[in-house]
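As numbered in the working numbering, residues 2 to 841 make up the sequence shown, in order. Here a beta-carbon is modelled for each residue, glycine too, at the ideal position from N, C-alpha and C.
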Amino acid sequence: MPAGTFTRSTDAQDRAADRDALAAALEERSRQLDARLRETRCLFEVSASLGDFSLSWAQAAQVVVVCLPMAYAHPDTVLVGVTLGGCRAGDEAPSTGWRLSQRIMLDGTDLGCIDLACIDPGSGLACDALPDPGLLLALARELARWFERRTAAELLSRSEARLRSAQRAAGLGSWWADAAMDCMLPCEKACEMFGIAPGSALDFESAVALFAPRDQARLRRHWRSALASGALDIEVRLNVGPPERWLQLNAEMVRNDHGRTVEINGIVRDISERKREEEHMRLSARIFDSASESIVVTDAQNRIVAINAAYTRTSGYEAHEVMGRNPGMLDAGRLTPAFYVRMWRALREEDSFQGEFWNRAKDGRVYPLLQTVTALRDADGDITHYVGIGADLSRLRQAEERTDYLSSHDALTDLPNRQAIGARLQQAISARPSPLAPNILVAVLVLGLDGFKSINDSMGHAAGDAVLIETAARLRPLIHQGLFVGRLGGDEFVVLLERTGRDHCVAWVRDLLAALSAPLSIQGHELTVTVSAGISLFPGDGQASDVLLRNAESALNGAKDDGRNTWRFYDPQMNQASLERLILVSALRRGVAAGELRAWYQPKLDLQTRALIGAEALVRWKHPDQGWIQPVRFIPAAEQSDLIVVIGEWMLHAVAAQIARWHAQGLGWLPVAVNLGARHFSHPGLPPLLRRLRAEHDLPPNVLELEITESTLMEAGGEPGALLGELRRAGVTLAIDDFGTGYSSLSYLRHLPVDVLKIDRSFVNSIERDGRDLSIAGTIIALAHGLGLKVVAEGVETEDQRGLLEALGCDQGQGFLFARPMPAAEFEVWRQVWGVPLLT
Numbered sequence: 002m003p004a005g006t007f008t009r010s011t012d013a014q015d016r017a018a019d020r021d022a023l024a025a026a027l028e029e030r031s032r033q034l035d036a037r038l039r040e041t042r043c044l045f046e047v048s049a050s051l052g053d054f055s056l057s058w059a060q061a062a063q064v065v066v067v068c069l070p071m072a073y074a075h076p077d078t079v080l081v082g083v084t085l086g087g088c089r090a091g092d093e094a095p096s097t098g099w100r101l102s103q104r105i106m107l108d109g110t111d112l113g114c115i116d117l118a119c120i121d122p123g124s125g126l127a128c129d130a131l132p133d134p135g136l137l138l139a140l141a142r143e144l145a146r147w148f149e150r151r152t153a154a155e156l157l158s159r160s161e162a163r164l165r166s167a168q169r170a171a172g173l174g175s176w177w178a179d180a181a182m183d184c185m186l187p188c189e190k191a192c193e194m195f196g197i198a199p200g201s202a203l204d205f206e207s208a209v210a211l212f213a214p215r216d217q218a219r220l221r222r223h224w225r226s227a228l229a230s231g232a233l234d235i236e237v238r239l240n241v242g243p244p245e246r247w248l249q250l251n252a253e254m255v256r257n258d259h260g261r262t263v264e265i266n267g268i269v270r271d272i273s274e275r276k277r278e279e280e281h282m283r284l285s286a287r288i289f290d291s292a293s294e295s296i297v298v299t300d301a302q303n304r305i306v307a308i309n310a311a312y313t314r315t316s317g318y319e320a321h322e323v324m325g326r327n328p329g330m331l332d333a334g335r336l337t338p339a340f341y342v343r344m345w346r347a348l349r350e351e352d353s354f355q356g357e358f359w360n361r362a363k364d365g366r367v368y369p370l371l372q373t374v375t376a377l378r379d380a381d382g383d384i385t386h387y388v389g390i391g392a393d394l395s396r397l398r399q400a401e402e403r404t405d406y407l408s409s410h411d412a413l414t415d416l417p418n419r420q421a422i423g424a425r426l427q428q429a430i431s432a433r434p435s436p437l438a439p440n441i442l443v444a445v446l447v448l449g450l451d452g453f454k455s456i457n458d459s460m461g462h463a464a465g466d467a468v469l470i471e472t473a474a475r476l477r478p479l480i481h482q483g484l485f486v487g488r489l490g491g492d493e494f495v496v497l498l499e500r501t502g503r504d505h506c507v508a509w510v511r512d513l514l515a516a517l518s519a520p521l522s523i524q525g526h527e528l529t530v531t532v533s534a535g536i537s538l539f540p541g542d543g544q545a546s547d548v549l550l551r552n553a554e555s556a557l558n559g560a561k562d563d564g565r566n567t568w569r570f571y572d573p574q575m576n577q578a579s580l581e582r583l584i585l586v587s588a589l590r591r592g593v594a595a596g597e598l599r600a601w602y603q604p605k606l607d608l609q610t611r612a613l614i615g616a617e618a619l620v621r622w623k624h625p626d627q628g629w630i631q632p633v634r635f636i637p638a639a640e641q642s643d644l645i646v647v648i649g650e651w652m653l654h655a656v657a658a659q660i661a662r663w664h665a666q667g668l669g670w671l672p673v674a675v676n677l678g679a680r681h682f683s684h685p686g687l688p689p690l691l692r693r694l695r696a697e698h699d700l701p702p703n704v705l706e707l708e709i710t711e712s713t714l715m716e717a718g719g720e721p722g723a724l725l726g727e728l729r730r731a732g733v734t735l736a737i738d739d740f741g742t743g744y745s746s747l748s749y750l751r752h753l754p755v756d757v758l759k760i761d762r763s764f765v766n767s768i769e770r771d772g773r774d775l776s777i778a779g780t781i782i783a784l785a786h787g788l789g790l791k792v793v794a795e796g797v798e799t800e801d802q803r804g805l806l807e808a809l810g811c812d813q814g815q816g817f818l819f820a821r822p823m824p825a826a827e828f829e830v831w832r833q834v835w836g837v838p839l840l841t
């Protein structure tokens, strides 16, 4: 074969071989590119589906087994995957092929792994179609990094959620600010506390403006100090309310290595409730310490844990002396065991007990304590403390004893009064040894001062009272001799002689009258005041105390008619006093019908301002022959007959008309008081009369006042409170006149619907020199004010008396210091001359 031909054939073959090799290379390259494309598409599809943990490798021949961290799934490891070529993710890895694992780490902590396993080539899939192991390892690492980021984000999210939950549970809010405080970012809870919209950003001035103006300067000072110290701690009020809202601000300055503040981290807490509790506790502590009642607190074992100042004042013990001790340390030993048995039973069953305890103070003084003990229990119902609140009854008991004493004793002379005289005389009658012993008698002596009225008229009531006091002092030694001495009223005294005879009585009376007639030194003057006596004898002159007293008074009147400074036995055949009384009552009855009565008025003034408060109307009788007759003569006679009702109704008509007349003259509504006798007070026609008078003269409520003595209330019978209530509903003001000289019982007074108490002039007259009377006046004033009553003092005659009464808190006064009783025309002139304004 020719060489050239061989050469050409070889070249063609080479070229064909080259073409085949190139085609094969191109085909291999194309196959590799397709594999790379498939792998790229797989990686893209895996990366695109990581968000929901779904792995979908289309046309791939491997199993992707994802072992999730415990924090992301269930208590057991979860395998996530899809079915690929009949194989489910999570199936056991084949015995042939290969397996790759990539751990997921976060801050050095092993959170789990990602396993990539190759399917057995025997499944029909070509092994060379599998992704490159390096690609799979890269994918595993990418997945691991994704899980690390996902895990870190989830942990951060959960941590923040737990922090927010903890802050809400603790009532905390947080805030962040830059170093210059140009931007402050509160969290949602803090925004809620600040009262601003969620997501708000504040500068320093805007933040300060959130708080109350009075706290802003203090907040600025604390902020400047915090910048230097590195920490802020302040309690401030928000600029809202009421009620006030308090916030506690805390902050820490975060500094760099050079000590410069780079940011500020803070928290805020709403402490409004705590502040309210603190204020409540402070208020409770102030009340506890300032309470006038004695307070002691013990634990469940009855050991003292707290006392207040009143406890120390009452008992004399300081806190350190009683802490840890049993309150029974004060027991004076006057209570029985049964008392304490009742107390503990009540505390167990009712949690409360009230009783009167008798305690012994540190100085040995024994005092009564009205104490309420309360048991305090916890949420489980167990007793934790006992609280005892007690009022010292010493002063009240003294006042009650004094009041009881005054109810049976004359306030001026401190001798037994008419009520006590009657009771004592009845005892003497009952104790008489035998009616068969006619020579053993009970003698009742009524002594009267001769000319006493002239002393009052010429020298004043103070001189008259001084005479009465001195006479009582001269009679008091008789008490030590076993005799009974009392003051009947006015200028009359009583002496009882028990187991006496007529002759002995005469001799004794003569000596007594001689002794009482000795000169007296009154206001720098020497006075000789004689005494007359009337005597009645039991059983001949009466079988009852009131009869014997009345007959002795009749005998006294006879003695005075016989020339005074003498004595006289009661003579039933010649009772001149009774005859005169009948004549007087007859004349008075005629005088009322003839228009001989007059209404005079005495002003009542405010003791502090001297403003005119009102007036008291007093009845006067001008007899056509005898001239002006003093009320002391005709009022007692009228009270023993129905004339007192007639006179009272006449006074009410006259006073109501006068009040309306003064108002028509432009003088305003001046309240005027009218005295009521016992018979008139209980008269059923009184309330309708008052309503008619008010309607007839168009009187407003309470310009007409009724004054009723304590003795009148007692003599009226029935229910005085009901009678007074009916009168008040008729539109009048009610006053208790001559308070302190009658019953004067606290339990009696507090149930009466009255408005005013009038202190009897016998107390007022001696308050300048007698501390007891000053104390009595003060007690009456305090008692009246405690019951919500006004107090009027009668018989104010000196400026010193007025000053003492004003200092005691007395509201009003009347007496010769201001003006004497006067006719209406003179009263009007008095108002103009003295220029006393009407207090409205």
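Grab me the residues of residue i's own chain with a C-beta within less than 6 Å of its C-beta, minus the 5 sequence neighbours each way, in chain order.
i, result
"Gln-372", "Phe-358, Gly-389, Gly-391"
"Gly-449", "Asp-492, Glu-493, Ser-533, Leu-557"
"Thr-315", "Ser-295, Asp-393"
"Arg-821", "none"
"Leu-284", "none"
"Leu-38", "The predicted position of Leu-38 is uncertain, since its pLDDT is 48 and thus under 50; a value taken from the coordinates is nonetheless stated next. For Leu-38, where only same-chain residues beyond five positions count, there are no Cβ hits under 6 Å."
In terms of DSSP beta bridges, what is residue i paired with?
i, result
"Phe-212", "Leu-239"
"Ile-777", "Answer by DSSP bridge pairing: none, since Ile-777 is not bridged."
"Trp-345", "Looking at the DSSP assignment, Trp-345 forms no beta bridge with any residue, so it has no partner."
"Lys-791", "Val-757"
"Gly-615", "Lys-605"
"Tyr-368", "Asn-360"
"Thr-501", "Leu-442"
"Ile-185", "Sequence check: residue 185 is Met here, not Ile. BP columns for Met-185 point to Ala-178, Leu-203."
"Tyr-387", "Thr-299, Ala-376"
"Asp-415", "None, per the DSSP bridge assignment."
"Val-532", "Leu-450"
Taking the alpha carbon of residue i as the point to measure from, which residue in the options has its own alpha carbon closest?
i, options, result
"Gln-603", "Pro-478, Asn-676, Gly-669, Ile-777", "Asn-676"
"Gln-427", "Gly-543, Glu-278, Ala-618", "Gly-543"
"Arg-326", "Ile-308, Thr-315, Arg-335", "Ile-308"
"Thr-610", "Glu-319, Asp-179, Gly-814, Ala-347", "Gly-814"
"Val-306", "Glu-322, Ile-422, Gly-317", "Glu-322"
"Pro-187", "Ile-648, Phe-740, Gln-302, Gly-200", "Gly-200"
"Leu-858", "Arg-425, Phe-539, Phe-205, Val-797", "Past the edges of the chain, shown from 2 to 841, lies residue 858, and the structure says nothing about it."
"Lys-363", "Gly-317, Pro-338, Glu-402", "Gly-317"
"Arg-762", "Phe-740, Asp-771, Ala-347", "Phe-740"
"Asp-290", "Tyr-312, Gln-302, Arg-219", "Tyr-312"
"Asp-626", "His-281, Leu-589, Val-447", "Leu-589"
Go through its chain and collect everything with a Cβ distance to residue i's Cβ below 7 Å, but skip five positions before and after it.
i, result
"Ala-127", "In this prediction, Ala-127 scores a pLDDT of 36, lower than 50, which makes its location untrustworthy; no coordinate-derived value is stated."
"Met-823", "Trp-601, Tyr-602, Trp-831"
"Ala-429", "Val-443, Leu-497, Glu-499"
"Leu-239", "Gly-196, Leu-211, Phe-212, Ala-213, Arg-246, Leu-248"
If the criterion is Cβ atoms closer than 9 Å, does the pair residue i and residue j meet it?
i, j, result
"Thr-799", "Leu-775", "no"
"Val-255", "Phe-195", "no"
"Ala-655", "Leu-735", "no"
"Leu-521", "Ala-463", "no"
"Val-704", "Ile-737", "no"
"Lys-605", "Val-834", "no"
"Trp-568", "Gly-535", "yes"
"Ile-386", "Asp-258", "It should be pointed out that residue 386 corresponds to His in this sequence rather than to Ile. Cβ distance not < 9 Å, so His-386 and Asp-258 don't count as in contact."
"Arg-695", "Ala-658", "no"
"Trp-345", "Asn-266", "no"
"Thr-414", "Ile-480", "no"
Our contact map puts residue i next to residue j with C-beta atoms below 8 Å; I'd like the distance itself, whole angstroms only.
i, j, result
"Ala-679", "Glu-640", "7 Å"
"Asn-418", "Arg-349", "Not a contact, Cβ separation roughly 50 Å."
"Phe-764", "Ala-778", "5 Å"
Say the cut is 8 Å; is the CB of residue i nearer than that to a heavy atom of the ligand ATP?
i, result
"Leu-394", "The model depicted lacks the ligand ATP and carries no ligand whatsoever."
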